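Asker: Heads up, the sequence shown is in our numbering, so the first residue is 3 and it goes up one at a time.
Handing you a structure now.
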Amino acid sequence: VEHIDQSEIIRRAELAPADEVEHAFSWLTEKVGKIRYDGKQLTPEKLKLQIKSYIAVREMAHEFGLDFLGIKAQPELTDNFVTMDLTEAFLNDPYDWNGPKEPLVAATEADMDGALTMEILKHMSGDPVLFADLRHYDAELGAFDLCNSGNHATYYAGHSRDPDVNLPKVEFYPQGFYFPAGGAAVRHIAAPGEVTLARLARRNGRYWLAIIPAEFLDLPPDVAEAKAAATQVEWPHAFAKLGVSPDELLSEYDSNHIHGVYGDYVPELIWFAKLLGIPYRVFS
């Protein structure tokens, strides 16, 4: 594990090339469906600072040879600098303003076991991996609202590797009271489809693997928006229907974070657990 103090993000952000920052700003302005500037929490200057932070972390990952990473952010950066939402979303994406690229797993809150789970899912699927909170169960839908502060890759907005498909479905919202430094929350509703959710967790110092086949629901836009507003309107959402009851899942699940990819990777995850000799459970 390589530890890099997050003050390096602040220092290196100011060294980001001005021409790339302006190019990125123009690209996002053109491509993103809506940028909700409010003159306080989200301004062009704060968005440019988030772009600089992305460039800083990208360059550190290359310099230090990081295969995957996590950013603590809270509370130092989110209180006094800017949020890392744009950084994490576009690191996880298969593109940025410079064109196609390999997704670089980035977990929020420096969640090491989350990042490790995501890296495994990335190699199994070859696709970007979702990072979310197991946030809220909606009894009316019979589904969990998987939501996190802007950390969902924009890939999930349209389930595409083409930013021209995904980004029109994305909005940049001002951050709320949780994060007084402000910045953009990268907000969208995840496209529907079969997904495999998973999490490496620890009990008494030993890993075990939760495997959860699920489906991201295709809700009418007005319903999806109403459900998002009922929890955290400015953050991205994925509405996931599981094959087990919330009580059954939550009685054993050992984290508030969850990760996933489109497709069925249950057999691969079972074999992964067997090869490593760690316990696992399929929640279905």
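Note that the Cβ used here is the ideal one computed from N, Cα and C, for glycine as well.
Computed from a predicted structure; not experimentally measured.
Report the three-state DSSP secondary structure of L51 (helix, strand or coil).
Answerer: Helix.
Asker: Which residue comes first and which comes last in the beta strand (DSSP E) that contains F133?
Answerer: Taken as a continuous stretch (DSSP letters only), the beta strand (DSSP E) holding F133 covers L132 to D140.
Asker: Do three or more CB pairs link the region 189-209 to the region 262-275 at distances below 8 Å?
Answerer: Cβ pair count under 8 Å is three or more, so yes.
Asker: Could you check if E64 is buried or exposed, using at least 16 other CB atoms within 10 Å of its CB as the buried criterion?
Answerer: Glu is not the amino acid found at residue 64; the sequence shown has His there. H64 comes out exposed.
Asker: Note the first and the last residue of the continuous beta strand (DSSP E) segment covering W237.
Answerer: No beta strand (DSSP E) holds W237; DSSP gives it neither H nor E.
Asker: Anyone know if the C-beta pair for Y255 and L211 falls short of 9 Å?
Answerer: It is not a contact, given that the beta carbons lie outside the stated cut-off.
Asker: For P2, count the other beta carbons within 10 Å of its own beta carbon; 16 or more makes it buried, fewer makes it exposed. Which is it?
Answerer: Nothing in the structure corresponds to residue 2, since the chain is present only between 3 and 286.
Asker: Exposed or buried, E236, counting other C-beta atoms within 10 Å across all chains shown (16 or more means buried)?
Answerer: Buried.
Asker: At what residues does the beta strand (DSSP E) containing H261 begin and finish?
Answerer: Element bounds for H261: H259 to Y264.
Asker: Under DSSP, the beta strand (DSSP E) around D147 begins and ends at which residues?
Answerer: Run containing D147: A145 to C149, per the beta strand (DSSP E) assignment.
Asker: Quick one: what does DSSP say V284 is sitting in, helix, strand or coil?
Answerer: Strand, per DSSP.
Asker: Who are the near neighbours of K124 in its chain, counting only those whose CB is closer than 7 Å to its CB and skipping five residues on each side?
Answerer: So the qualifying residues of the chain are P105, V107 and V131.
Asker: Which residue comes first and which comes last in the alpha helix (DSSP H) that contains P77?
Answerer: Unbroken run through P77: none, as it is neither H nor E.
Asker: What runs of the alpha helix (DSSP H), each 4 residues or longer, lie entirely inside the region 165-249?
Answerer: If we require 4 residues or more, the alpha helix (DSSP H) runs fully inside the region 165-249 come out as 165-168 and 223-233.
Asker: Out of K276, F285 and P269, state which residue places its alpha-carbon closest to the alpha-carbon of S127.
Answerer: The shortest C-alpha separation from S127 is found at P269.
Asker: Would you kindly check if the distance between the Cβ of A186 and the Cβ of D95 is under 9 Å?
Answerer: Not a contact, by the Cβ cut-off of 9 Å.
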